[in-house]
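**Student:** I'd like to ask you about the structure that follows.
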Amino acid sequence: MDEDFWQARWRDNRIGFHEAEPNSLLSSHYARLKLEPGSRVFVPLCGKAVDLDWFVGNGHHVIGVEFNQRAVEEVFERNGLSPQVRMVGQHRHYSAAALDLFAGDFFGLTPDMIGSVDAVYDRAALIALPVSLRRRYVRHLFEITNFARQFLITLDYDQTQMDGPPFSVPADEIDVLYGGRYRTELLESREMTGPISKRCGGSENAWLIEPA
Ligand SMILES: C[S@@+](CC[C@H](N)C(=O)[O-])C[C@H]1O[C@@H](n2cnc3c(N)ncnc32)[C@H](O)[C@@H]1O
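Each residue of the sequence shown is one higher than the last, beginning at 1 in UniProt numbering.
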């Protein structure tokens, strides 16, 4: 799952992961993040998720990163914003109002680039990555967000039934990835829905991950 893989998905409009409405697990459990107005929320591998707009609409500052430049530009366009654009190293940084989005590689982001982070929202980011990359992803996320608390949405299904992405990341892997430094709490588990549920059964799980 390198950059070419994802750019091809965007180019061919194979973006079944994109949701037309804000994620309902987020809106149901958002209060558990205990965010003050003006809190800074980091959204890794953000795509053009409408959840970005949702956080801004709820009074937060959103920082995101996404390989696909066109997806980033669409977020500003649909919000009627004309962003300032400048290059920061290898990344194209788009900034307007309460939105700062970086077009480029998540693994190239530094803490200075994204600034302070109060919370992380991870939907279809951890589970977009193969197992060989997940530990590195989680460590980099810890590092650039200074161990901020996280709202994480995962899938749990029989990986032998289907290839990812999205990948199955069961509870025992969550423990291994986040345990020790974090306390993990399963907020809700519900049956998988959407296109993937037609291919196999499984659950969609919302986690609150807080520093221990
Ligand atoms: C499954 S999609 C989820 C997008 C978004 N979180 C959502 O809920 O719609 C994963 C996204 O991560 C992006 N991506 C994958 N690896 C990345 C990386 N290393 N850096 C930046 N973006 C990446 C892909 O281009 C893709 O848009």
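C-beta: ideal position from N, C-alpha, C; glycine also.
Check this for me: beta carbons of Leu25 and Ala148, under 8 Å apart or not?
**Tutor:** By one-based count along the sequence shown, residue 25 stands at place 25. By one-based count along the sequence shown, residue 148 stands at place 148. The answer is no: Cβ separation not under 8 Å.
**Student:** At what residue ranges does the region 134-180 contain a whole run of the alpha helix (DSSP H), taking only runs of 4 or more?
**Tutor:** Listed in chain order, they are 171-178.
**Student:** Count the C-beta pairs between the region 79-97 and the region 153-164 that are closer than 8 Å, then say yes if the count reaches three, no if not.
**Tutor:** Too few Cβ pairs lie closer than 8 Å, so no.
**Student:** Ordered along the chain, which non-local residues of its own chain (more than five positions away) have a Cβ less than 6 Å from that of Gln84?
**Tutor:** As a position in the sequence shown, residue 84 is number 84, starting the count at 1. Here the set comprises Ser95.
**Student:** I need the straight-line Cα distance from Tyr144 to Thr154, nearest angstrom please.
**Tutor:** As a first step, residue 144 is located in the sequence shown; it is residue number 144 there, counting from the start. As a first step, residue 154 is located in the sequence shown; it is residue number 154 there, counting from the start. The sequence given here has Ile at residue 144, not Tyr. Whole-angstrom Cα-Cα distance: 21 Å.
**Student:** For Leu187, collect the residues of the same chain with a Cβ closer than 6 Å to its Cβ; drop the 5 residues on either side in sequence, then sort them by chain order.
**Tutor:** Position 187 of the sequence shown holds residue 187. If we look at Leu187 and ignore the five residues flanking it on each side, its Cβ neighbours are His29, Ala206 and Leu208.
**Student:** Cβ of Leu45 within 7 Å of any heavy atom in ligand 2?
**Tutor:** What this structure holds is ligand 1, not ligand 2.
**Student:** Would you say the beta carbon of Ser68 is closer than 7 Å to some non-hydrogen atom of ligand 1?
**Tutor:** Along the sequence shown, one-based indexing puts residue 68 at 68. Reading off the sequence, residue 68 comes out as Asn, not Ser. Flag set: Cβ of Asn68 near ligand 1.
**Student:** Do three or more CB pairs link the region 6-16 to the region 34-42 at distances below 8 Å?
**Tutor:** Too few Cβ pairs lie closer than 8 Å, so no.
**Student:** What is the DSSP secondary structure of Val117, reduced to helix, strand or coil?
**Tutor:** Taking the sequence shown and counting its residues from 1, the one referred to as residue 117 is at position 117. The answer is coil: DSSP assigns Val117 none of H, G, I, E or B.
**Student:** Within the present structure, is the beta-carbon of His18 separated from the nearest heavy atom of ligand 1 by less than 7 Å?
**Tutor:** Locating residue 18 in the sequence shown gives position 18, where the first residue counts as 1. Yes, ligand 1 has a heavy atom inside 7 Å of this Cβ.
**Student:** When the Cα atoms are used, what is the spatial distance from Glu210 to Arg199?
**Tutor:** Here residue 210 refers to the residue found at position 210 when the sequence shown is read from its first residue. Here residue 199 refers to the residue found at position 199 when the sequence shown is read from its first residue. Using only the alpha carbons, I get a separation of about 33 Å.
**Student:** On the DSSP letters alone, give me the boundaries of the beta strand (DSSP E) that Gly202 sits inside.
**Tutor:** For the purposes of this step, residue 202 is taken as residue 202 along the sequence shown, with counting starting at 1. Unbroken beta strand (DSSP E) run through Gly202: Gly202 to Pro211.
**Student:** Examine ligand 1 and report whether any of its heavy atoms sits within less than 7 Å of the Cβ of Ala148.
**Tutor:** Taking the first residue of the sequence shown as position 1, residue 148 is located at position 148. No, ligand 1 has no heavy atom inside 7 Å of this Cβ.
**Student:** Could you tell me which residues DSSP pairs with Phe102 in its beta bridges?
**Tutor:** The residue given as residue 102 occupies position 102 in the sequence shown. Val65 and His93.
**Student:** Select from Glu21, Val72 and Leu177 the residue whose C-alpha is nearest the C-alpha of Val43.
**Tutor:** Taking the first residue of the sequence shown as position 1, residue 43 is located at position 43. Minimum Cα distance to Val43 is reached at Val72.
**Student:** Please state the DSSP three-state secondary structure of Arg9.
**Tutor:** Working through the sequence shown from its first residue, we reach residue 9 at position 9. Arg9 falls in the helix class under three-state DSSP.
**Student:** If you compare alpha carbons, which of Phe142, Ala171, Asp53 and Gln150 is closest to Asp156?
**Tutor:** As a first step, residue 156 must be located in the sequence shown, where it is residue number 156. Comparing Cα-Cα distances from Asp156 to each of Phe142, Ala171, Asp53 and Gln150, the minimum goes to Ala171.
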